[in-house]
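Residue numbers (our numbering), protein chains in the order written: chain U, 32 to 528; chain R, 111 to 481. To keep things clear, I will list the structure first and then write my remarks on it.
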Amino acid sequence: MLATAQTFTLDGISARPVRVEVDVHRGLPAFSVVGLPDTAVREARERVRAALVNCGFEFPLRRIVANLAPASLRKAGPGLDLAISVALLTASGQLELDRGSIAMVGELALDGSVRPVPGVLAIAEAARERGCEAVIVPAENGAEAALVEGLEVICLENLGQVAALAAGEWTPERPRPMSLDRRQGEAMPDLADLRGQRHLRYALEVAAAGGHSLLMVGPPGAGKSLAASRLPSILPPLVAEEALEVARIASVCGRLGGGGASGRPFRSPHHTISPAGLVGGGNPPGPGEATLAHRGVLFLDELCEFRRDTLEALRAPLESGWVAVARAGAWRRLPCRFMLVAASNPCPCGRGESDPECSCAPLAVQRYQARLSGALADRIDVLAAIRQPSAEEIGGPAGEPSAAVRERVIAARERQEGRLGAGRSNAEMTAAEVRDCALEESAATLLAEAYARRRLSGRAHDRVLRLAQTVADLAGREGIGHEQVAQALQLRRRDSE
Amino acid sequence: MSEPNACLDCLRRARLLAHLAPYIEKISSAVPGSRSPELLRLCNEDLAAAAAPKIAAQVLAEVDAVPEQRLRTDLLAAHCWACCRHDPAFPPGLGDAADAPWALIGRGDPCLLERLEPQGAVTIVGARRASTYGRETARELGRELAAAGLLVISGLAFGIDACAHRGALDADTTVAVLGCGPDVPYPASHRSLWRRICERGLVLSELPPGTGVWRWTFPARNRIMAALAGMTVVVEAAQRSGSLITADLAADLGRDLGAVPGPVNSRASAGANDLLAGGACLIRDGQDVLDAMLGPGVRKAERVGADLDARLRDVLAVLERGAETSDAIAAALDLDGAEAASALATLEALGYVSCSLVGVYSRTLLSAPAI
Numbered sequence: 032m033l034a035t036a037q038t039f040t041l042d043g044i045s046a047r048p049v050r051v052e053v054d055v056h057r058g059l060p061a062f063s064v065v066g067l068p069d070t071a072v073r074e075a076r077e078r079v080r081a082a083l084v085n086c087g088f089e090f091p092l093r094r095i096v097a098n099l100a101p102a103s104l105r106k107a108g109p110g111l112d113l114a115i116s117v118a119l120l121t122a123s124g125q126l127e128l129d130r131g132s133i134a135m136v137g138e139l140a141l142d143g144s145v146r147p148v149p150g151v152l153a154i155a156e157a158a159r160e161r162g163c164e165a166v167i168v169p170a171e172n173g174a175e176a177a178l179v180e181g182l183e184v185i186c187l188e189n190l191g192q193v194a195a196l197a198a199g200e201w202t203p204e205r206p207r208p209m210s211l212d213r214r215q216g217e218a219m220p221d222l223a224d225l226r227g228q229r230h231l232r233y234a235l236e237v238a239a240a241g242g243h244s245l246l247m248v249g250p251p252g253a254g255k256s257l258a259a260s261r262l263p264s265i266l267p268p269l270v271a272e273e274a275l276e277v278a279r280i281a282s283v284c285g286r287l288g289g290g291g292a293s294g295r296p297f298r299s300p301h302h303t304i305s306p307a308g309l310v311g312g313g314n315p316p317g318p319g320e321a322t323l324a325h326r327g328v329l330f331l332d333e334l335c336e337f338r339r340d341t342l343e344a345l346r347a348p349l350e351s352g353w354v355a356v357a358r359a360g361a362w363r364r365l366p367c368r369f370m371l372v373a374a375s376n377p378c379p380c381g382r383g384e385s386d387p388e389c390s391c392a393p394l395a396v397q398r399y400q401a402r403l404s405g406a407l408a409d410r411i412d413v414l415a416a417i418r419q420p421s422a423e424e425i426g427g428p429a430g431e432p433s434a435a436v437r438e439r440v441i442a443a444r445e446r447q448e449g450r451l452g453a454g455r456s457n458a459e460m461t462a463a464e465v466r467d468c469a470l471e472e473s474a475a476t477l478l479a480e481a482y483a484r485r486r487l488s489g490r491a492h493d494r495v496l497r498l499a500q501t502v503a504d505l506a507g508r509e510g511i512g513h514e515q516v517a518q519a520l521q522l523r524r525r526d527s528e
Numbered sequence: 111m112s113e114p115n116a117c118l119d120c121l122r123r124a125r126l127l128a129h130l131a132p133y134i135e136k137i138s139s140a141v142p143g144s145r146s147p148e149l150l151r152l153c154n155e156d157l158a159a160a161a162a163p164k165i166a167a168q169v170l171a172e173v174d175a176v177p178e179q180r181l182r183t184d185l186l187a188a189h190c191w192a193c194c195r196h197d198p199a200f201p202p203g204l205g206d207a208a209d210a211p212w213a214l215i216g217r218g219d220p221c222l223l224e225r226l227e228p229q230g231a232v233t234i235v236g237a238r239r240a241s242t243y244g245r246e247t248a249r250e251l252g253r254e255l256a257a258a259g260l261l262v263i264s265g266l267a268f269g270i271d272a273c274a275h276r277g278a279l280d281a282d283t284t285v286a287v288l289g290c291g292p293d294v295p296y297p298a299s300h301r302s303l304w305r306r307i308c309e310r311g312l313v314l315s316e317l318p319p320g321t322g323v324w325r326w327t328f329p330a331r332n333r334i335m336a337a338l339a340g341m342t343v344v345v346e347a348a349q350r351s352g353s354l355i356t357a358d359l360a361a362d363l364g365r366d367l368g369a370v371p372g373p374v375n376s377r378a379s380a381g382a383n384d385l386l387a388g389g390a391c392l393i394r395d396g397q398d399v400l401d402a403m404l405g406p407g408v409r410k411a412e413r414v415g416a417d418l419d420a421r422l423r424d425v426l427a428v429l430e431r432g433a434e435t436s437d438a439i440a441a442a443l444d445l446d447g448a449e450a451a452s453a454l455a456t457l458e459a460l461g462y463v464s465c466s467l468v469g470v471y472s473r474t475l476l477s478a479p480a481i
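Below you can see the structure in the form of structure tokens.
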């Protein structure tokens, strides 16, 4: 007898439908799985056999063939266990699940309990799109699946409940959806921890307000990493749609806990990371750190230590907000609109050339700093030079808390959206939009003077204007005045000659 | 002024040098520690015989066989011109050197040749591996001296040379003397600087267009730099550095010699400090150079900047006391980040301070007007 069940497999950060067909007929007892399964799927046979028996079902001693359609799609992960066992039970006449079109996903333990799987949010969304009326998910993933409206969510703790469900003896309750708008900042480290460091605070605020990428240069222990980790707390809260995007990515990567998403992600990969680890890779292609930092902050500590090809790989994604990863037989487009924050020491020993303790050869310093003006660094707008805070500053009062800074940042972002359109920030202004910035006369003179004297490049000129616009937005001004251009000139990252 | 000109003999001499370059390389590297190749004093026949005894006659014949038309079209094709020792425009300073080149091949503005006399030109040399201190000082010296009307000469090398050129170009113009053909940008990464000098200044060499670099051509180029200028200033040089060769050559010609002091514990400045100990002029800024070359107080370097208000003066004072990042300045004066940023940007725009790649500010030599 033949039976089918609907399930999904993950592909990049979205889910693709898979139809499980199980045929049970006479012949030598055997259980084979066909249809491009990976090792985890092939091993489902053993889990399904044990789970069925341990839940009181009978494992038919006949010839069983499970086919996963479409046969050309590579199926990965243990999430297909549940669908295979339900189709097997139906085919062997032990179960009659008559609940319309229903999708199911879950990994089985040997005792029949259902284990959580990654990507349930994406799977539930795909199920709704495909017109399914209900989705059966592991109990631990219920809150995640419940985020999708217009879809019945059934949480399963063990395989035995399927029989109760089919018999109508058990009416499952719809789980409560997890919160995606968990108050940002509360659970997060607060900017108040950053004492002193006025310039760095100011640079952080401007960078956050305009979505500008930031480079911090300073000796080790001066507070670079601390400042970067506080950046998400001063960014405006995610809007519902963005929060869902972030949750979907976290879910696919198995990072979405039961408690809910905690706002903007903060990713800080080690500098030994490979290009594939950073932008995504593997076959089939999976998301990298850049995608995990989507709508959040990607922090590259020790920028000069990263491999050049790794940083090069970030260039195009940084501009476009998505990354296309192509591998043999597969092509994925992964979102990665993040804010880049980088940190570096001023010289190889970290103390800085003006420190008498610094023992770096001038050439070594030059070579080290040359990496700060590479191709990726060209995309960085703001430079914050940091010094070791003094003892009084460290012992002094706490700084302004994140909430106060965030309010100013939100106000500035609102002005930008009013001018540029929803969801856009000054850092994304096109060259034409930069030309349209309302420069006051004294500001234009200052910019022209700086352009002539310090020989700003055309790109640097536009960068200064973008920054000046952000400074003006923070100040709540309509036009860009002398003061704003001056501050932008000071904040901008320097180019080497 | 008429176009500079070179006679056939002197053009042939340049061509001969290019032909003999590999042979001169061989014998000059066999004699280590030689300053400038003494060979260059010799006449054509002796030079060929000394450098390549076996094929001397053949080389001479080859060079003689090159038609004059060919020599001149080669120059034109490389956008170069030549000026020989028989031309009235030939820089007079070179006459003092026994081993002076016969002809200078130039690219860029030939009118600058007229200004290229010892009392109006200064050579700035120093280490290729220069520290930030040396580079900033060289740039500032170049800018001040060019603004005061002197021609700044240097060698387009990494480090001090390039900074001196850049500073001079900021204010006016500059002269680069190369150890290869004037149409060859060497080092290659200074291509854009070389191009700017070609457009706005002058590039000189004793070698014909297309000649590559050899080890011996650098000390040879140094003797030209030393002879062209009335004063040679060494900004940062280690002991046994190439810049000291230029300094020696300048002293031999009776030119003034100056050095910028460096930290006493810095190996990179040891050579420059030795020069000072040996009696070279102490150079702290452009005014010191002007005083030494033209007599005390004859010409004032343009060193006073625009008026500053009280807050900017405060910021400048804090910077002079050693605060070097925006943050340190904000903390010292109790300014907030935005105020410190705009004050520093204004000072930078006015030329009072400069900022490094990593956001470290330093004071320039520009002084504030008296209140």
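Built from N, CA and C at the ideal position, the CB exists for glycine as well.
Contact set for Gly191 (chain U): own chain, Cβ-Cβ below 8 angstroms, skip 5 residues either direction: Cys86, Gly87, Gly143
Any alpha helix (DSSP H) of 4 or more consecutive residues that is wholly inside the region 136-219 of chain R: 154-161, 166-175, 178-187
Interface flag, Pro534 (chain U) vs chain R, CB-CB below 8 angstroms: Look at the range of chain U in this structure, 32 to 528, and you will see that residue 534 (chain U) is not part of it.
8 angstroms Cβ cutoff met for Arg205 (chain U) and Ala177 (chain U): yes
Proximity of Gly203 (chain R) and Ala337 (chain R) at Cβ, strictly below 8 angstroms: yes
Environment of Leu127 (chain R) [buried if 16+ CB atoms lie within 10 Å]: buried
N-terminal and C-terminal residue of the beta strand (DSSP E) that Ala403 (chain R) is part of: The question names Ala, but residue 403 (chain R) in the sequence shown is Met. Counting along the chain, Met403 (chain R) falls outside any beta strand (DSSP E), though it belongs to the alpha helix (DSSP H) covering 396-404.
Sequence-distant residues of its chain with Cβ nearer than 6 angstroms to Asn457 (chain U) (five each side left out): Gly241, Gln447, Arg497, Gln500, Thr501
Closer than 8 angstroms to chain R by CB, Leu487 (chain U): no
For Cys391 (chain R), the residue or residues it bridges with in DSSP: R:Gly368
Val151 (chain U) vs Met135 (chain U) beta-carbon contact at 8 angstroms: no
Asp112 (chain U), buried or exposed, once every other Cβ within 10 Å from all chains shown has been counted against 16: buried
Validate contact between the region 519-527 of chain U and the region 398-416 of chain U using beta carbons, cut 8 angstroms, 3 pairs: yes
Buried or exposed by the 16-neighbour rule on C-beta atoms within 10 Å, applied to Val414 (chain R): exposed
Sequence-distant residues of the same chain with beta carbon closer than 7 angstroms to Arg421 (chain R), five excluded per side: Ala453
Three-state secondary structure (DSSP) of Tyr471 (chain R): strand
Separation of Ser351 (chain U) from Gly432 (chain R), as counted between CA atoms: 43 angstroms
Contact set between Glu246 (chain R) and chain U, taken where Cβ atoms lie within less than 9 angstroms: Correct list: empty, because the minimum Cβ distance to chain U is about 11 angstroms.
Nearest to Val179 (chain U) (by Cα), restricted to the options U:Asn189, U:Glu188, U:Glu171, U:Val166: U:Val166
Residue range of the alpha helix (DSSP H) that includes Thr435 (chain R): No alpha helix (DSSP H) holds Thr435 (chain R); DSSP gives it neither H nor E.
Contacts of Ser436 (chain R) in chain U (Cβ-Cβ under 7 angstroms): His230, Ala416, Gln521
Contacts that Gly236 (chain R) makes with chain U (C-beta to C-beta distance below 8 angstroms): What Gly236 (chain R) touches in chain U: nothing, since even the nearest Cβ is about 11 angstroms away.
Beta carbon of Gly291 (chain R) nearer than 8 angstroms to that of Leu251 (chain R): no
Pro169 (chain U) - partner residues in DSSP beta bridges: U:Leu187
Minimum Cβ-Cβ distance from Gln400 (chain U) to chain R less than 8 angstroms: yes
Endpoints, the alpha helix (DSSP H) within which Ser116 (chain U) is located: 112-122
Distance, Leu467 (chain R) Cα to Leu354 (chain R) Cα: 29 angstroms
Same chain only: Cβ atoms within 6 angstroms of Asn88 (chain R), ignoring 5 sequence neighbours per side: In the structure as shown, chain R begins at 111 and stops at 481. Residue 88 (chain R) is therefore absent and cannot be evaluated.
Burial state of Glu254 (chain R) (16 or more Cβ within 10 Å): buried
Minimum length 4: unbroken alpha helix (DSSP H) runs contained in the region 289-374 of chain R: 301-310, 327-338, 352-362
Segments assigned alpha helix (DSSP H), at least 4 residues, entirely inside the region 441-506 of chain U: 462-466, 472-484, 489-506
Under 7 angstroms by beta carbon: chain U residues contacting Thr456 (chain R): Ala517
CB contact below 8 angstroms: Leu266 (chain R) versus chain U: no
Distance between Ser256 (chain U) and Thr322 (chain U) (C-alpha atoms, nearest Å): 21 angstroms
DSSP bridge partner residues for Arg298 (chain U) (one or two, in chain order): U:Leu329
CB contact check: Leu467 (chain R) to chain U, cutoff 8 angstroms: yes
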